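Pasting the structure below:
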């Protein structure tokens, strides 16, 4: 059973470009979470999704950030018009309905 | 809103010794889970141990055990016989089960150094 798969592992963008981060949850997991980690800091909750539904997006900036988890395919975290402050590691995690989080290896975004 | 506090930004322990990492949380809910995750330099988040709030018995996983004090809202992690490979960031996490959604709240982490 493959773990949570995130890609790309590393992404470099220039200011103003778009970043798309993908996450395939573990097989059988219907809950997906996105977290952001700034250097030397903890994990900040961004958004929690189930298939085709956003359950809680209270941690996501109102502008430029969006997330989806379509019926088919991976979950996507999209950041439009990136700024230097968006540089961080973005972690995706999945869980079955009642269980612990299983994390991907993270996607490190660098904005030049 | 629920909060998780880790008051020790950094801890050190001698190899083979025991260390305890502190975690407190604030909640008004009765059903929840608590977790400790480890993040080594590779940055992969690894589950160390979990505790269901309804269980009075403290969880144990090999050299890792917790001291769960529900009334005090305290959830400390004890690492026995510390090894060099235990060096990592450790995050305490809370998950509520009361609202039907499963949002995880993380503390700010404790960096553990293991001295040879």
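Residue numbers (our numbering), protein chains in the order written: chain V, 1 to 112; chain X, 1001 to 1116. Here a beta-carbon is modelled for each residue, glycine too, at the ideal position from N, C-alpha and C. If you're wondering where the values come from, they're calculated on a predicted model, not measured in any experiment.
**Request:** Using a cut-off of 9 Å between C-beta atoms, extract the partners of residue 45(V) located in chain X.
**Result:** 1103, 1104, 1105, 1106
**Message:** Please confirm whether residue 65(V) has its beta-carbon closer than 8 Å to some beta-carbon of chain X.
**Reply:** no
**Request:** Using DSSP bridges, identify the partner residues of residue 1105(X).
**Result:** 1094(X)
**Request:** Please list the partners that residue 1047(X) has in chain V, where partner means a Cβ-to-Cβ separation under 9 Å.
**Result:** 100, 101, 102, 103
**Rounded C-alpha distance that separates residue 1046(X) from residue 102(V)** = 8 Å
**Message:** Strictly below 8 Å CB to CB, what residues from chain V border residue 1075(X)?
**Reply:** Correct list: empty, because the minimum Cβ distance to chain V is about 14 Å.
**Message:** Quick check on the DSSP output: the beta strand (DSSP E) that includes residue 1112(X) runs from which residue to which?
**Reply:** 1110 to 1115
**Message:** Can you give me the C-alpha to C-alpha distance between residue 61(V) and residue 44(V), rounded to a whole angstrom?
**Reply:** 12 Å
**Message:** Going by DSSP in three states, residue 86(V) sits in which element: helix, strand or coil?
**Reply:** helix
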